[in-house]
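Visitor: First residue of the sequence shown? That's 1 in the numbering used here, and the numbers climb one at a time after it.
Just passing along the structure, written as structure tokens.
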Amino acid sequence: MMPGKTLFDDNTPEKGNDRKPEKSEELFHNNKKETMPLERLKNLEEKISAVVERVKALKEEKKALENRIQELEEILAGKTKTIESLTAEKTSIKTQVEELLSELETIEL
């Protein structure tokens, strides 16, 4: 490659300059390198787009899962309160039944 040139510069010989490329590198550059960077760039762009879409989808999925977790935690909190309430009611009823049994035992038949 000539100094001051990039892979994307045209490297066509000027008019009246019929010189043959001196190196195989120049041949490669003239024939394949000009299209390869564009193909590689397009391929890279497609990969980046796919990654961006995947990240967006994963973020949406994460948000949906976080919302579902919050819903389930609220349901669980409600169930826990219900269990605590039923346990307190059970304890109260047990105490009342024990008191009634004690009263029955004290009554002589």
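Using N, Cα and C, we set each Cβ at its ideal position, and we do this for glycine too.
Just so we're clear, the structure is a prediction, and the values are computed from it rather than from any experiment.
Distance, Cα to Cα, Lys-81 vs Glu-73?
Guide: Against the sequence shown, residue 81 aligns to sequence position 81. Against the sequence shown, residue 73 aligns to sequence position 73. Cα to Cα, the separation comes out at about 12 Å.
Visitor: From Pro-37 to Leu-44, what distance separates their C-alpha atoms?
Guide: Position 37 of the sequence shown, counting from 1, holds the residue named residue 37. Position 44 of the sequence shown, counting from 1, holds the residue named residue 44. Looking at the two C-alpha atoms, the distance is approximately 10 Å.
Visitor: Just how far apart, CA to CA, sit Glu-71 and Ile-93?
Guide: Numbered from its first residue, the sequence shown carries residue 71 at position 71. Numbered from its first residue, the sequence shown carries residue 93 at position 93. If you take the alpha carbons of Glu-71 and Ile-93, they lie about 33 Å apart.
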